[in-house]
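Undergrad:
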Amino acid sequence: MRLLTLPVLLVTLALTARAELKLPAIIGDNMVLQQKQTNPIWGWDTPGTEVTVKFGDQSKSAKAGADGKWTVKLDPVPANAEPTTISIKGSSAKELKNVLVGEVWICSGQSNMQMTVNGSWDADLETATAKYPKIRLITVPNVGTQEPQQDFKGQWVECSPQTVGGFSAVGFFYGRVLHNVLDVPVGLINNSWGGSAAEAWVNRGELEKDPRFKLLMDNTKAYETRLSSDAAKQKYEADLAAWKQQADAAKQAGKAFTTRAPAAPYAWLRGNARPGNIYNGALLPTIGYGIKGAIWYQGESNAGRAFEYASLFPFMIQNWRSEWQQGDFPFYWVQLADYMVEKSDAEQATASQWAELRESQTKTQSALQNGGQAVIIDLGEGNDIHPKNKRDVAERLARWALAKDYGMKLPYRSPEFKSAEFSGGTAIVTLDTFGGTLRTVDVNDVRGFVICGEDKKWVWATAKINGKDKVEVSAASVAKPVAVRYAWSDNPVCNLFTTDGLPVTPFRSDDFEMLTKPKQP
């Protein structure tokens, strides 16, 4: 008799344990709802339980499905800076307090988005003055996995000197501009992971369906097989033992030992480069939350595959939009800054993977709707991949949103290459200045151009501004130029801006084969 009732008892205990209303971290006290659009609210309860959500004069109900999940959709409401309570009742009851309505943005990417306010210039002043209770912050932990996650550990907090220091600097500065200009609450979701590759942020199943990423996925599967093998485990254990011996020997000899421990095979499998890992572990638990749009700062980890990035990056954006089911929401990104050694030889300087990655980022603007790029080729630091000036970065991103999404008339787009005409030993470059006028910064001479003839050998060029949007480029050693490039290196010395203060976007007039284009076997 006891054996017969045991399964029943186990089921009863399981149902009893689940008989409690549960909400994801993204939905909680202090959150901001996106104004003027439908806002999904979801959670879990015992299957079949009716859950009712009350917000203002709205009352929405839904039944928990077989998996326990329920979802209601709140009707659009205007911005509201007065704290409101949301009541939710199912098998138990919860109240979400101090809820505001305003503008919500995802802040995502790798380490330059993850870099905190504490790590930026003027961190002491920025934190001390960060008294913005109507700006709300939440950070998603870094979790890499192939298993879809439904929740994360985190909570919304009011922005204050005590809470802002560990938050994304670009995210906070961006949100602060919007808050101060629009005078509405702002919610910021920091979902960034240093060193992450773009493919880790994409639904892996979608990547595998697209033939453009066959090489990427073939290499991924081969790497997964190798790292999961007994041979990889044995090699790691042997390498680790050898490393420990070296460390012990150095310690006994009183010598410094700075060699890093070998990486365990599972490090990459759980890390931030494996396709789908971050999508499953960190992005998925936020998908569906009502947002206005996303800002993105990433690319360093994909620079060696810049050719592929021209397809992968817009694919990632489209994947996010498809799964969020909010249409083509705004998506603005930061182009890679200037970084690494300034090379004096023109031929060496132009052999740049970073320049090619920047071009792939620029191309993304024409590959999709409602996207835009903040050019920061003047804000980098040659000896630091993490430049500390994040305030100017955020403000250039904010210009896009203020102009495109909030109806303000202000300059927002950096000049871009339009055409080049070659005649009499001179290249006449025309830029689309988007209403601006070209000028130089720092010195009167135009810096940053290279030119080549039919031999495709690059030399430094002299250049001068000709009118509002044109530059004349030439070099004494190139009698018949065929191509011209600007700011085309890892860390270019360049000084073309508009009178509005926006730097000219790095460009090339040629279509020479890219360094990062995969070689055919």
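In our numbering, the protein residues as written are 9 to 529.
Glycine included, every Cβ here is placed at the ideal spot set by N, Cα and C.
(1) When the Cβ atoms of the stretch 330 to 341 are set against those of the stretch 147 to 161, are three or more pairs found closer than 8 Å?
(2) Tell me whether L174 sits in a helix, a strand or coil according to DSSP, three-state version.
(3) Which residues bound the beta strand (DSSP E) around N47?
(4) Within 10 angstroms of its Cβ, does N474 collect 16 or more other Cβ (buried), or is it exposed?
(5) Do G595 and V479 have their C-beta atoms within less than 8 Å of each other?
(6) According to DSSP, is G475 part of a helix, a strand, or is it coil?
(7) Tell me which residue opens and which closes the beta strand (DSSP E) that G195 is part of.
(8) P293 to Q158, Cα distance in whole Å?
(9) Measuring alpha carbon to alpha carbon, tell me which of K398, D518, Q369 ends up nearest V437.
(10) Sorry if obvious, but does the Cβ on K30 come closer than 7 Å to a heavy atom of the ligand FAD?
(11) Judging by CA-CA distance, which residue of Q326, A302, G262 is the nearest neighbour of L215?
(12) On the DSSP bridge assignment, give the partners of Y560 in chain order.
(13) Who are the Cβ neighbours of K488 in its own chain at under 6 Å, not counting the five residues just before and after it?
(14) Between A495 and the rest of its own chain, which residues show a CB-CB distance below 6 Å, the 5 nearest in sequence each way excluded?
(15) Pop quiz: V383 and P511 are said to be a contact at Cβ under 8 Å. What is the actual Cβ separation, rounded to whole angstroms?
(16) Going by C-alpha to C-alpha distance, which of N88, V458, I459, K105 sits closest to V112?
(17) Can a CB atom of chain C be found closer than 8 Å to the CB of S319?
(18) With a Cβ-Cβ cutoff of 8 Å, do G307 and L344 count as a contact?
(19) Between F505 and N452, what straight-line distance do the alpha-carbon atoms span, to the nearest angstrom?
(20) Hey, is the stretch 199 to 211 in contact with the stretch 96 to 116, meaning 3+ C-beta pairs nearer than 8 Å?
(21) Below 7 Å CB to CB, which residues in the same chain sit around Q381 once its five sequence neighbours on both sides are set aside?
(22) My guess is that P283 and A208 are in contact by the Cβ rule of under 8 Å, so how many angstroms apart are they, rounded?
(23) Report, in whole angstroms, the separation of the C-beta atoms of G51 and P32, which I expect to be a contact under 8 Å.
TA: According to the structure shown:
(1) Contact fails: fewer than three Cβ-Cβ distances are below 8 Å.
(2) If you number the sequence shown from 1, residue 174 lands on position 166. The sequence shown places Gly at residue 174, rather than the Leu named in the question. In the structure shown, G174 sits in coil (DSSP, three-state: anything other than H, G, I, E or B).
(3) By 1-based counting over the sequence shown, the position of residue 47 is 39. Looking at the DSSP string, the run of the beta strand (DSSP E) that includes N47 is 47 to 52.
(4) The residue you call residue 474 lines up with position 466 of the sequence shown. By the neighbour-count criterion, in which 16 or more other beta carbons inside 10 Å mark a residue as buried, N474 falls on the exposed side.
(5) Absent from the structure is residue 595, since the part of the chain shown begins at 9 and ends at 529.
(6) Sequence index remark: in the sequence shown, residue 475 carries index 467 (1-based). Residue state, collapsed to three classes: coil.
(7) Residue 195 sits at position 187 when you count from the first residue of the sequence shown. For G195, the uninterrupted beta strand (DSSP E) run begins and ends at 194 to 200, by DSSP.
(8) For the purposes of this step, residue 293 is identified with residue 285 of the sequence shown, where counting begins at 1. For the purposes of this step, residue 158 is identified with residue 150 of the sequence shown, where counting begins at 1. Counting only the Cα atoms, Q158 lies some 5 Å from P293.
(9) For the purposes of this step, residue 437 is identified with residue 429 of the sequence shown, where counting begins at 1. The shortest C-alpha separation from V437 is found at D518.
(10) Questions concerning the ligand FAD fall outside what the structure shown contains, since it holds no ligand whatsoever.
(11) Here residue 215 refers to the residue found at position 207 when the sequence shown is read from its first residue. Ranked by Cα distance from L215, the first of Q326, A302, G262 is Q326.
(12) Residue 560 lies beyond the range of the chain shown here (9 to 529); nothing can be said about it.
(13) Locating residue 488 in the sequence shown gives position 480, where the first residue counts as 1. Excluding sequence neighbours, K488 sits near G461.
(14) The residue labelled residue 495 in the question sits at position 487 within the sequence shown. These residues qualify, in order along the chain: I385, G456, C502, P514.
(15) In the sequence shown, the residue the question calls residue 383 occupies position 375. In the sequence shown, the residue the question calls residue 511 occupies position 503. P511 and V383 do touch by the CB rule: their CB atoms are close to 5 Å apart, below 8 Å.
(16) Counted from its first residue, the sequence shown places residue 112 at position 104. With respect to the C-alpha of V112, the residue from N88, V458, I459, K105 having the closest C-alpha is N88.
(17) Absent from the structure: chain C. Only one protein chain is present.
(18) Taking the sequence shown and counting its residues from 1, the one referred to as residue 307 is at position 299. Taking the sequence shown and counting its residues from 1, the one referred to as residue 344 is at position 336. In this structure, G307 places its C-beta atom within 8 Å of the C-beta atom of L344.
(19) Position 497 of the sequence shown holds residue 505. Position 444 of the sequence shown holds residue 452. Whole-angstrom Cα-Cα distance: 12 Å.
(20) Flag = yes, the stretch 199 to 211 and the stretch 96 to 116 touch.
(21) Residue numbering aside, residue 381 sits at position 373 when the sequence shown is read from its first letter. Cβ neighbours of Q381 beyond the five flanking positions: W341, Q343, Q369, T370, Q373.
(22) Residue numbering aside, residue 283 sits at position 275 when the sequence shown is read from its first letter. Residue numbering aside, residue 208 sits at position 200 when the sequence shown is read from its first letter. Indeed, because the Cβ distance is near 6 Å, the residues count as touching under 8 Å.
(23) Start at 1 with the first residue of the sequence shown, and residue 51 comes out as number 43. Start at 1 with the first residue of the sequence shown, and residue 32 comes out as number 24. That pair is a contact at about 7 Å.
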